[in-house]
Structures are given as structure tokens and as C-alpha cells.
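K.L.:
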Amino acid sequence: MDTKSSSASEVVTIDVLKANDLLRNSGYRYLDVRTEEEFMKGHVDFDGALNIPYMFNTPEGRVKNPKFMEQVLPVCNKDDHLIVGCQSGVRSVYATIDLLNTGFKHVYNMVGGYLAWVENGLPVAVGPVVQTKPDQVISSSKTGSETVQNKPDTVLSGPTD
Numbered sequence: 001m002d003t004k005s006s007s008a009s010e011v012v013t014i015d016v017l018k019a020n021d022l023l024r025n026s027g028y029r030y031l032d033v034r035t036e037e038e039f040m041k042g043h044v045d046f047d048g049a050l051n052i053p054y055m056f057n058t059p060e061g062r063v064k065n066p067k068f069m070e071q072v073l074p075v076c077n078k079d080d081h082l083i084v085g086c087q088s089g090v091r092s093v094y095a096t097i098d099l100l101n102t103g104f105k106h107v108y109n110m111v112g113g114y115l116a117w118v119e120n121g122l123p124v125a126v127g128p129v130v131q132t133k134p135d136q137v138i139s140s141s142k143t144g145s146e147t148v149q150n151k152p153d154t155v156l157s158g159p160t161d
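All letters in the sequence shown, in the order written, are residues 1 to 161 by the UniProt record's numbering.
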């Protein structure tokens with residue numbers, strides 16, 4: 001069994017301009033790993049963008065979503081070409097590492113995150129929340145983006161950005 005795991009030094013990062021080009025012209029999908037609240041305030045305007053939080057905000061502080069990969073696997077194939085983004089580029093590095101360690105092959109981290117996207121004047125969207133199940137929230141925008149968010153079960157340590 002191969003026990004090699006990826007680290008931050010193995011994560012391929014791209015800037016927001018390259019990310020925009022790949023999303024619009026090369027069949028990449030966008031995975032926003034910010035919280036649902038952050039996503040609702042504004043997100044990358046791309047048809048089919050996904051929001052699966054890597055971290056949750058709790059009264060105890062920010063905690064890792066223990067079901068992150070469990071939520072990603074039904075909506076993303078390991079051969080999908082993904083661009084992972086967050087608010088500033090920290091959580092997305094950790095999420096990208098988890099994706100690579102799970103067997104995803106074509107994953108880029110968007111350096112600078114949503115803040116850099118906005119600073120570069122790239123298109124953004126805002127989406128309403130639709131409750132689908134008591135433990136799951138789907139958020140969609142005019143462009144077809146969706147959010148999958150479950151309430152955290154356990155408190156884990158993780159990145160903050």
C-alpha cells in the first residue's frame with residue numbers, strides 16, 4: 001500500500017487570472033471551500049461552482065468539516081479538473097492536500113482566494129439559500145452554483161484564514 005501523502009509544497013497554485021481562464025475555457029470546475037455565510041456574501045461567478053465548506057465557524061472557534069471528503073466525493077470525480085478557492089488562499093491549500101491525498105489528480109489551489117478574485121475585478125455572484133434537509137443547506141446562484149453544508153459533528157483543529 002502506498003502511504004505517500006501530499007504536502008503544501010506539492011500543491012500546484014495558480015493566480016486568479018489563470019483560474020478565470022481555465023474555468024471559462026478549459027473545462028475546470030470551481031470548488032469554493034469557504035463557509036456558507038462567506039459564499040452567500042459573494043462568490044466566483046461560474047456556472048456550476050460548488051461550495052463545500054472545509055471549515056465551520058462555531059462558538060469554540062473555527063473547526064474542520066469532518067465530512068468534507070464525504071461531501072466532495074458524490075459531486076466530484078477523482079479525474080475532474082478542479083480549482084479550489086477560499087477567502088484568501090489558506091483553507092484551500094489544506095482542502096487541496098486532502099483532495100490529492102484522496103486520489104484527485106487534477107487540482108489547483110487558487111492563490112489569494114476570493115479576495116484576489118475581487119481585487120482583479122473578476123465576475124462575482126450572490127446566491128440565496130434553500131433548505132433541503134434538516135442537516136444540509138444548498139445554496140445556489142443565478143449561475144447554478146450550489147452549496148453543500150452539514151452541521152459539524154466534532155471539533156477538530158485546522159487552518160484559519
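Note that the Cβ used here is the ideal one computed from N, Cα and C, for glycine as well.
Determine the burial state of serine 5: buried for a count of at least 16 other Cβ atoms within 10 Å of its Cβ, exposed for fewer.
P.N.:
Looking up residue 5 in the sequence shown gives position 5. By the 10 Å Cβ count, serine 5 comes out exposed.
K.L.:
Kindly indicate the opening and closing residues of the alpha helix (DSSP H) around aspartate 21.
P.N.:
Start at 1 with the first residue of the sequence shown, and residue 21 comes out as number 21. Looking at the DSSP string, the run of the alpha helix (DSSP H) that includes aspartate 21 is 16 to 25.
K.L.:
Does the distance from the CB of valine 16 to the CB of valine 111 come in under 9 Å?
P.N.:
Walking along the sequence shown from the start, residue 16 turns up at place 16. Walking along the sequence shown from the start, residue 111 turns up at place 111. Cβ distance < 9 Å, so valine 16 and valine 111 count as in contact.
K.L.:
Figure out for me which residue from Gly89, Asp98, His43 and Gln87 has the closest Cα to the Cα of asparagine 65.
P.N.:
Sequence index remark: in the sequence shown, residue 65 carries index 65 (1-based). The shortest Cα separation from asparagine 65 among Gly89, Asp98, His43 and Gln87 belongs to Asp98.
K.L.:
Can you tell me which of Pro74, Pro53, Asp21 and Asn25 puts its alpha carbon nearest to the alpha carbon of glutamine 87?
P.N.:
In the sequence shown, the residue the question calls residue 87 occupies position 87. The shortest Cα separation from glutamine 87 among Pro74, Pro53, Asp21 and Asn25 belongs to Pro53.
K.L.:
Beta carbon of lysine 78, beta carbon of glycine 42: below 9 Å?
P.N.:
Within the sequence shown, numbered from 1, the residue matching residue 78 stands at position 78. Within the sequence shown, numbered from 1, the residue matching residue 42 stands at position 42. Not in contact: lysine 78 and glycine 42 (Cβ atoms no closer than 9 Å).
K.L.:
Which class does glutamine 149 belong to by DSSP, given the choice of helix, strand or coil?
P.N.:
Position 149 of the sequence shown, counted from the start, is the residue given in the question as residue 149. At glutamine 149, the pLDDT of 45 sits below 50, so the modelled position is not reliable; the number obtained from the coordinates is stated separately. Looking at glutamine 149 - three-state DSSP - the assignment turns out to be strand.
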